[in-house]
Amino acid sequence: MPKRVAYTAKIEFIQILDENGRFDAALAEGGLADEQAVALLEHLILCRHYDEIAFKLQRSGRMGTYPQNKGQEAIAATALAVTRDDWMVPCYRENPALFLHGLPMEHILLHWMGDERGNQIPEGVNVMPISIPIGTHMLHAAGIAWAQRLRQTGNVALTYFGDGATSEGDFHEAMNFATVMRAPCVFLCQNNQWAISVPREKQMASETVAQKGLAYGAECVQVDGNDVYAVYHATKAAVDRARADGTVTLIECLTYRLGDHTTADDARRYRDPKELEAWTKRDPILRLRTHLTAKGLWDDAKEAAAQDAAKERVARVVKNAEGIAKPSTDDIFDYTFATLPDGLRAQKESMRTHSLALEPGQETLRRAEAQHA
Ligand SMILES: Cc1ncc(C[n+]2csc(CCOP(=O)(O)OP(=O)(O)O)c2C)c(N)n1
Ligand SMILES: [Mg+2]
Numbered sequence: 001m002p003k004r005v006a007y008t009a010k011i012e013f014i015q016i017l018d019e020n021g022r023f024d025a026a027l028a029e030g031g032l033a034d035e036q037a038v039a040l041l042e043h044l045i046l047c048r049h050y051d052e053i054a055f056k057l058q059r060s061g062r063m064g065t066y067p068q069n070k071g072q073e074a075i076a077a078t079a080l081a082v083t084r085d086d087w088m089v090p091c092y093r094e095n096p097a098l099f100l101h102g103l104p105m106e107h108i109l110l111h112w113m114g115d116e117r118g119n120q121i122p123e124g125v126n127v128m129p130i131s132i133p134i135g136t137h138m139l140h141a142a143g144i145a146w147a148q149r150l151r152q153t154g155n156v157a158l159t160y161f162g163d164g165a166t167s168e169g170d171f172h173e174a175m176n177f178a179t180v181m182r183a184p185c186v187f188l189c190q191n192n193q194w195a196i197s198v199p200r201e202k203q204m205a206s207e208t209v210a211q212k213g214l215a216y217g218a219e220c221v222q223v224d225g226n227d228v229y230a231v232y233h234a235t236k237a238a239v240d241r242a243r244a245d246g247t248v249t250l251i252e253c254l255t256y257r258l259g260d261h262t263t264a265d266d267a268r269r270y271r272d273p274k275e276l277e278a279w280t281k282r283d284p285i286l287r288l289r290t291h292l293t294a295k296g297l298w299d300d301a302k303e304a305a306a307q308d309a310a311k312e313r314v315a316r317v318v319k320n321a322e323g324i325a326k327p328s329t330d331d332i333f334d335y336t337f338a339t340l341p342d343g344l345r346a347q348k349e350s351m352r353t354h355s356l357a358l359e360p361g362q363e364t365l366r367r368a369e370a371q372h373a
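Residue numbering for the sequence shown follows this note's numbering, starting at 1 and increasing by one per position.
What follows is the structure in structure tokens.
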């Protein structure tokens, strides 16, 4: 029997605005309008400033940990490709997209300050809490998308994750489930080349992340993730397909983490400074600013106004986040059990918990427990 080809595939790469300022007008047709691009640049400037202030809050002991988004701000363009009713199911490095989709900026600060209220998303904002466990949320996204299909809402779920997350079983299960069930889900990988200190080539043997989706029958595409026009183009096409007939897409955005993994990391220990230098030149904000300036849509006055507005807004956001009333100590007890076990009830009422370690002998606790016995 002659051999035949059972399957062939290719992965397209999309870039509209490159790092040298070349712009593919034909591919950009029907995409971001000029005024959208200008508003997007203002938003990216705001998010970069927010990121710098969040970093400083951590360094000055006012926040626990923080993963900088610096360099990956073009992800904001995805928010223009969905409607307010579509769902965003994020990882932890997508602030610019979440803010555009309606998440109040205070929430991310509260989350990293260790305040649970940062995860209580306001009603009507279709954003899930950020996910620290790598990859688990992609399954939630597949489930949310399936629910949209069953309920015939016409809405889609868009989930974000890193290159490292595609080595997790959850990624493969989520892709398989979504494609088999035709759940209107868009999987968007921010391939920033690193998973903490593990470079992409030590993380996976596949040439692209995008090709991983081929095995599941998804549409797969790779884009320049520092090019807002390309990110928008690919996301809009994927969202439209998902909404139309449940086609699932895996988008790989090639980008770079310009900061450390988190404030608990020092990337100088494992990253070549030349690599950082090369990617700094591909900065998505720099690229968009240069392009809009060349088109006469941006100038020094607009830049200064955007910087001032960002400073004023972020100062207000920090004030709100730090000024929030202290949570009730009851919160420690109230969200696990429908009916509190006696020991915990005693702790709640006496306000003395084991973790406070005020009293190694736990005398007060024993007395409180005896009272409630
Ligand atoms: C299930 C799980 N395993 C390990 C970790 C520890 N961890 C935190 S971030 C990270 C790397 C993630 O890399 P990537 O998915 O590329 O995202 P990036 O941080 O680069 O945005 C790991 C392994 C975790 N949070 N969750
Ligand atoms: Mg990564």
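Built from N, CA and C at the ideal position, the CB exists for glycine as well.
Item                                                                                                                                                                           : Value
Have a look at Tyr92 and Val5 and give me their C-alpha separation to the nearest angstrom.                                                                                    : 41 Å
If we call anything under 8 Å between Cβ atoms a contact, is Gly124 one with Thr179?                                                                                           : no
In the DSSP assignment, find the unbroken beta strand (DSSP E) run with Tyr160 in it and report its ends.                                                                      : 157-162
Express the C-alpha separation of Leu188 and Lys212 in angstroms, rounding to a whole number.                                                                                  : 12 Å
Who are the Cβ neighbours of Trp87 in its own chain at under 6 Å, not counting the five residues just before and after it?                                                     : Asn126, Ile144, Ala157
Does the distance from the CB of Tyr229 to the CB of Ile75 come in under 8 Å?                                                                                                  : no
Compare the C-alpha of Thr78 against each of Lys302, Ala370, Thr235 and name the closest.                                                                                      : Thr235
In the DSSP assignment, find the unbroken alpha helix (DSSP H) run with Asp342 in it and report its ends.                                                                      : 342-350
Can the beta-carbon of Phe23 be found closer than 8 Å to that of Gln222?                                                                                                       : no
Answer with buried or exposed for Lys70, where buried requires no fewer than 16 other C-beta atoms within 10 angstroms of its C-beta.                                          : buried
Could you give the distance in angstroms between the alpha-carbon of His43 and the alpha-carbon of Leu110?                                                                     : 21 Å
Just checking my contact of Gln190 with Arg200 at CB under 8 Å: how many whole Å lie between their CB atoms?                                                                   : In fact, because the Cβ distance is near 12 Å, the residues do not count as touching under 8 Å.
Is Tyr160 closer than 8 Å to Pro90 when the C-beta atoms are compared?                                                                                                         : yes
Span of the alpha helix (DSSP H) holding Gln383?                                                                                                                               : Residue 383 cannot be examined here, being either before or after the span of the chain that is shown, 1 to 373.
Is Asn192 near ligand 2, going by C-beta to nearest heavy atom under 7 Å?                                                                                                      : yes
Using 7 Å as the cut-off, classify the Cβ of Asp163 as near or not near the heavy atoms of ligand 2, replying yes or no.                                                       : yes
Answer yes or no: the CB of His140 versus the heavy atoms of ligand 1, is any distance below 7 Å?                                                                              : no
Which residues share a DSSP beta bridge with Cys253?                                                                                                                           : Gln190, Val223
Check whether the Cβ atoms of Pro284 and Asn320 sit closer than 8 Å, and answer yes or no.                                                                                     : no
Could you tell me the alpha carbon to alpha carbon distance between Glu19 and Tyr256, rounded to whole angstroms?                                                              : 14 Å
Suppose you measure from the CA of His375 to the CA of Leu288; what does that come to, to the nearest Å?                                                                       : Look at the range of the chain in this structure, 1 to 373, and you will see that residue 375 is not part of it.
Quick check: Val231 and Asp163, are their CB atoms within less than 8 Å of each other?                                                                                         : no
Looking at the structure shown, is Phe23 part of a helix, part of a strand, or coil, going by DSSP?                                                                            : strand
What number of angstroms, rounded off, separates the C-alpha of Ala301 from the C-alpha of Lys10?                                                                              : 45 Å
Just the Cα atoms here: how many angstroms apart are Glu303 and Ile53?                                                                                                         : 19 Å
Helix, strand or coil for Glu393? Go by DSSP, reduced to three states.                                                                                                         : Residue 393 lies beyond the residue range present for the chain, which begins at 1 and ends at 373; the question has no answer from this structure.
Using the DSSP secondary-structure output, state which residues sit across from Ala74 in a beta bridge.                                                                        : Its beta-bridge partners do not exist; DSSP assigns none.
So Gly21 and Ala278 are supposed to be a Cβ contact under 8 Å. How far apart are they, rounded?                                                                                : Going by Cβ atoms, the distance from Gly21 to Ala278 rounds to 17 Å, so no, they are not a contact pair.
Specify, as a first and last residue, the run of the alpha helix (DSSP H) that Met105 falls within.                                                                            : 105-112
Among the candidates His372, Ile324, Thr329, Ser350, whose CA atom is the shortest distance from the CA of Asp342?                                                             : His372
Secondary structure at Ala406, three-state DSSP: helix, strand or coil?                                                                                                        : No information on residue 406 is available, as it lies outside the stretch 1 to 373 that the chain covers here.
Give me, in chain order, the residues of the same chain whose beta-carbon lies closer than 8 Å to that of Asp265; leave out the 5 immediate sequence neighbours on both sides. : Ile196, Ser197
Who are Met88's beta bridge partners in DSSP?                                                                                                                                  : Val127, Leu158
Tell me which residue opens and which closes the alpha helix (DSSP H) that Ile285 is part of.                                                                                  : 284-294
In the DSSP assignment, what are the bridge partners of Leu17?                                                                                                                 : Phe23
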